[in-house]
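In the numbering used here, the protein residues as written are 1139 to 1428.
In what follows, a structure is listed as structure tokens, so that the remarks can point back to it.
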């Protein structure tokens, strides 16, 4: 089972309608448990895909990812000082230890050599993502109104612009510092967290080494989102941008978990916009298989 953007939007819309019609509300403790299970499973899945070996030689990937994160934070603070609408973005509570423990536990099990069928784990992740989206839809149904959508849409589009600007800056900087063609590093940066697309696409254009790097940068970007959002929490737009295209599925629950229900709307719109843009941007930057 694949998690598609259309399926996500349909499930989200249906559960919002059901939640409003029946006035249903998912208990917060149940929502938190489901989120922790999903984060744990995705973290484990990432390491089952070879991160245990990959992490021994990931200097390039970590360097590019560091540029992305630093540029996101710098631009995010600049946007905040200019009066960005961050009324949605008040974090709830302190640093969330259970969320970070779930990530680390998933990594450890994945790296332990446990013989878990990756195809089954992938199916479980897909089901969990849809479950989280359904629960999120029911949770936010009673708080969604026209004003929320306007505010959420505005913040989401600002975050999307931040994501694209950061990818451009970090990609060009990486090309200059590493002395490689800009098309390669820009292609990696404009993966925007969509590793299952960016990795194969870059590999077909520039070979397995760079494809592997693109895959790893964007996998680690997703994992960094699980860690940094509950740790840093601000600036809000930078934290949303950090999740890239994954904010509409895999990392979506983290935003509702850390910031509250309305942030889920921002997260989904942001991820959906980037998901639509990435294939076109990659085709333009990398070219038709270079």
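Note that CB positions come from ideal geometry on N, CA and C, so glycine has one too.
All of these numbers come straight from a predicted model, not from anything done at the bench.
*Considering only C-alpha positions, which residue in the set 1213, 1183, 1153 and 1269 is nearest to residue 1357?*
1183
*Would you mind giving the Cβ-Cβ distance between residue 1275 and residue 1150, rounded to the nearest angstrom? I have them listed as a contact below 8 Å.*
5 Å
*asked:* Report the CB separation of residue 1179 from residue 1244 in whole angstroms; it is logged as a contact under 8 Å.
replied: 7 Å
*Same chain, Cβ closer than 6 Å to residue 1337, neighbours up to 5 away in sequence not counted*: 1349, 1352 and 1353
*Does the separation of the CB atoms of residue 1383 and residue 1331 fall below 7 Å?*
yes
*asked:* Less than 7 Å between C-beta atoms, sequence neighbours within five positions excluded: which residues of the same chain meet that for residue 1266?
replied: 1175, 1176 and 1179
*For the candidate residues 1247, 1279 and 1424, whose alpha-carbon lies nearest to that of residue 1157?*
1279
*Would you check if the distance between the CB atom of residue 1209 and the CB atom of residue 1304 is smaller than 7 Å?*
yes
*Cβ of residue 1398 within 6 Å of any heavy atom in the ligand ADP?*
As far as ligands go, the structure on display features none, and thus does not contain the ligand ADP.
*Going by the CB atoms, is the gap between residue 1213 and residue 1311 shorter than 7 Å?*
no
*Go to residue 1377, then tell me how far its alpha helix (DSSP H) extends in each direction, as first and last residue.*
1374–1380
*Going by C-alpha distance, which of 1171, 1211 and 1415 is nearest residue 1366?*
1211
*Find the nearest neighbour of residue 1361 within the set 1397, 1319 and 1390, judged by alpha-carbon distance.*
1390
*Exposed or buried, which one is residue 1388 when buried takes at least 16 other CB atoms within 10 Å?*
buried
*Could you work out which residue in 1241, 1316, 1152 and 1405 is closest to residue 1272 when comparing CA atoms only?*
1152
*Compute the Euclidean distance between the alpha carbons of residue 1326 and residue 1377, then round it to the nearest angstrom.*
19 Å
*Is it the case that the Cβ atoms of residue 1375 and residue 1296 are separated by a distance below 7 Å?*
yes
*asked:* Distance check for residue 1292 and residue 1407, CA to CA, integer angstroms please.
replied: 10 Å
*Kindly give me the distance between the Cβ atoms of residue 1396 and residue 1368, rounded to whole angstroms, as I take these residues to be in contact under 8 Å.*
5 Å
*Have a look at residue 1255 and residue 1343 and give me their C-alpha separation to the nearest angstrom.*
30 Å
_Distance check for residue 1249 and residue 1415, CA to CA, integer angstroms please._
34 Å
*Determine the direct distance from the alpha carbon of residue 1263 to that of residue 1145, and round the result to whole angstroms.*
15 Å
*Report yes if the C-beta distance between residue 1345 and residue 1363 is below 7 Å; otherwise report no.*
no
*Note down the Cα distance separating residue 1165 from residue 1423, rounded to an integer number of angstroms.*
45 Å
_Residue closest to residue 1171, alpha-carbon to alpha-carbon, out of 1409, 1347, 1216 and 1394_ = 1394
*At which residues does the alpha helix (DSSP H) containing residue 1371 begin and terminate?*
Looking at the DSSP string, residue 1371 is not in any alpha helix (DSSP H), and its letter there is neither H nor E.
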